[in-house]
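Enquirer:
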DNA sequence: ACCTGAACACCGTTCAAGT
DNA sequence: ACCTGAACACCGTTCAAGT
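Protein chains in written order, with the working numbering: chain Z, 37 to 251; chain G, 37 to 251.
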């Protein structure tokens, strides 16, 4: 038992049973050990959670730095989304750790550089980079049909209940809502869901590039 | 003691001390009553949280339905952001309740209608409406300097620590990150932060409008 | 260096009992 | 109809003690 295997085990628990299922006692059980044993390796639960977040961020792929702003921003967000989708339940741990992890810093630095290079003042570049991270985050946590806030075993019932509720609405007052009900409950194509959101955001950012600064 | 005053008290606790501070026992104390007394009015804690979420959504202002897509979408997001900013710590309770509350349904229905009217297929309209909600949400929860995940009394230290850490980075490897450090830790102008994000998203959505469907 | 055992101050919640 | 009291199964964590 060492910090690395503890983190790996903790991440596995989170992946399988959600963030709430990660308790000090649960991890200890996994090693056939007293809860207090973990406090030798981690000063407290928060430190363990931080390490789990770091482990997720470490899986981040870095886009080619030679890409231009539009392409880089799209790749950066895709890269973020991909790593978060591989551990959706651990996603809430990531934002606090991104800038404390090598890969996250690298990605942010390069994103900022592309934005500044395109004429964004540093404050606005900073805001845009922040938006990009938060949107990637929220897309994963809020993916219709894959909500991390609902436990896996309760998902199907929750979806049916939500669908039934939307379909029970008055067709006079809420025709669009009723028509959209199935796609609000579970998204038809996950990849499409992410691609579309990223495209919208990236295109939106490009509308903010001042015309007189093309280099 | 009735459900309404319990919800109001719960919301006040959340506003003042964060979501984690909302415990059944804490609310009971506020009324000088046993924790179990609350179970007469709410079947469990989740039901209380739902009611708090509903109370927040009830404060939602509805934009003028006569606006066109671009204006309406901007107003809708601004409206969402405004109501969430008035209870930032309660924000995580909102997404699950939006479609279960009159005001939320109204806003979503009208947003979908504008999108469909502009030529979006219903599935894509549904996705875009979902993005808009989630982005409003994440902007509030993740506002630099106002993170709801950090307790009010620990915020200033947390900011200083984060700033110091960013500034301690190598200027050779992370020049942009260092330059952006102050604006990453706390955002200079909150209103600007929200306005910019909304503008980017709305402009991005407008790039998706197919040119042959202007009515 | 690494782990145990007992204890503490918290949780949400059930169930029977009071008025 | 509305609330209490005692109890249960959980939390994270401290502190002293073991090997």
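Cβ coordinates follow ideal geometry from the N, Cα and C atoms, glycine included.
#1: Which full runs of the alpha helix (DSSP H) of 4+ residues lie inside the stretch 93-151 of chain G, going along the chain?
#2: By DSSP, does residue 153 of chain G sit in helix, in strand, or in coil?
#3: Three or more C-beta pairs closer than 8 Å, one from the stretch 180-197 of chain Z and one from the stretch 119-126 of chain G: is that the case here?
#4: Give the single residue among G:43, G:37, G:247 and G:39 whose Cα lies nearest to the Cα of residue 156 of chain G.
#5: Assign residue 210 of chain Z to one of three DSSP states: helix, strand, or coil.
#6: Shortest alpha-carbon distance to residue 221 of chain G belongs to which of Z:146, Z:86 and Z:131?
#7: Give the single residue among G:159, G:65, G:231 and G:47 whose Cα lies nearest to the Cα of residue 115 of chain G.
#8: Write down the C-beta distance between residue 237 of chain Z and residue 171 of chain Z rounded to the nearest angstrom, noting that I regard them as a contact closer than 8 Å.
#9: Touching or not, the stretch 138-148 of chain Z and the stretch 204-215 of chain G, by the rule of three or more beta carbon pairs under 8 Å?
#10: Between the stretch 133-149 of chain Z and chain G, which residues of the former have CB atoms less than 9 Å from a CB of the latter, in chain order?
#11: Among Z:226, Z:85, Z:87 and Z:164, which has the Cα closest to the Cα of residue 244 of chain Z?
#12: Can you give the Cα-Cα distance for residue 233 of chain G and residue 92 of chain Z, rounded to whole angstroms?
#13: Could you have a look at residue 220 of chain G and say whether DSSP puts it in helix, strand or coil?
#14: Tell me the rounded alpha-carbon separation between residue 45 of chain Z and residue 197 of chain Z.
#15: Could you tell me which chain G residues have their CB closer than 7 Å to the CB of residue 86 of chain Z, listed as they occur along the chain?
#16: Whose C-beta lies closer than 8 Å to the C-beta of residue 66 of chain G among residues of the same chain, with five residues either side of it excluded?
#17: Indicate whether the contact test is met: 3 or more Cβ pairs, each with one atom in the stretch 56-65 of chain G and one in the stretch 96-108 of chain G, closer than 8 Å.
#18: I want to see whether chain G comes within less than 8 Å of residue 237 of chain Z, judged by CB atoms only; does it?
#19: Is residue 96 of chain G close to chain Z? Criterion is C-beta to C-beta, closer than 8 Å.
#20: For residue 227 of chain G, which residues in the same chain have their Cβ closer than 8 Å to its Cβ, ignoring the five residues on either side in sequence?
#21: Residue range of the alpha helix (DSSP H) that residue 47 of chain Z falls in?
#22: For residue 88 of chain Z, which residues in the same chain have their Cβ closer than 7 Å to its Cβ, ignoring the five residues on either side in sequence?
#23: With a threshold of 16 other CB atoms inside 10 Å of the CB of residue 225 of chain Z, please say whether the residue is buried or exposed.
#24: Is the beta carbon of residue 133 of chain G less than 8 Å from the beta carbon of residue 86 of chain G?
#25: Per DSSP, what kind of secondary structure is residue 178 of chain Z in: helix, strand or coil?
#26: In whole angstroms, what separates the C-alpha of residue 52 of chain Z from that of residue 174 of chain Z?
#27: According to DSSP, is residue 78 of chain G part of a helix, a strand, or is it coil?
#28: Taking Cβ-Cβ distances shorter than 8 Å, what residues in chain Z pair up with residue 233 of chain G?
Expert: Checking against the coordinates, here is how it stands:
#1: 105-121
#2: Here residue 153 of chain G carries a helix assignment [DSSP, helix/strand/coil].
#3: Touching, no, given that fewer than three Cβ pairs across the two stretches are closer than 8 Å.
#4: G:247
#5: Per DSSP, reduced to three states, the secondary structure at residue 210 of chain Z is coil, with no helix or strand assignment.
#6: Z:131
#7: G:231
#8: 6 Å
#9: Three or more beta-carbon pairs separated by less than 8 Å link the stretch 138-148 of chain Z to the stretch 204-215 of chain G, which places the two stretches in contact.
#10: 135, 136, 141, 142, 144, 145, 146, 147, 148 and 149
#11: Z:164
#12: 27 Å
#13: helix
#14: 34 Å
#15: Going along chain G, no residue has its Cβ under 7 Å from residue 86 of chain Z, so there is no contact; the nearest lies around 13 Å.
#16: Residues of the same chain with a CB within less than 8 Å of the CB of residue 66 of chain G, apart from the 5 flanking positions on each side, are 45 and 49 in chain order.
#17: A contact between stretches requires three or more CB pairs, one per stretch, nearer than 8 Å, and the stretch 56-65 of chain G fails this requirement with the stretch 96-108 of chain G.
#18: yes
#19: no
#20: none
#21: Start and end: 39-53.
#22: 43, 46, 47, 50, 126 and 129
#23: exposed
#24: Closer than 8 Å, so yes.
#25: coil
#26: 20 Å
#27: coil
#28: 163 and 167
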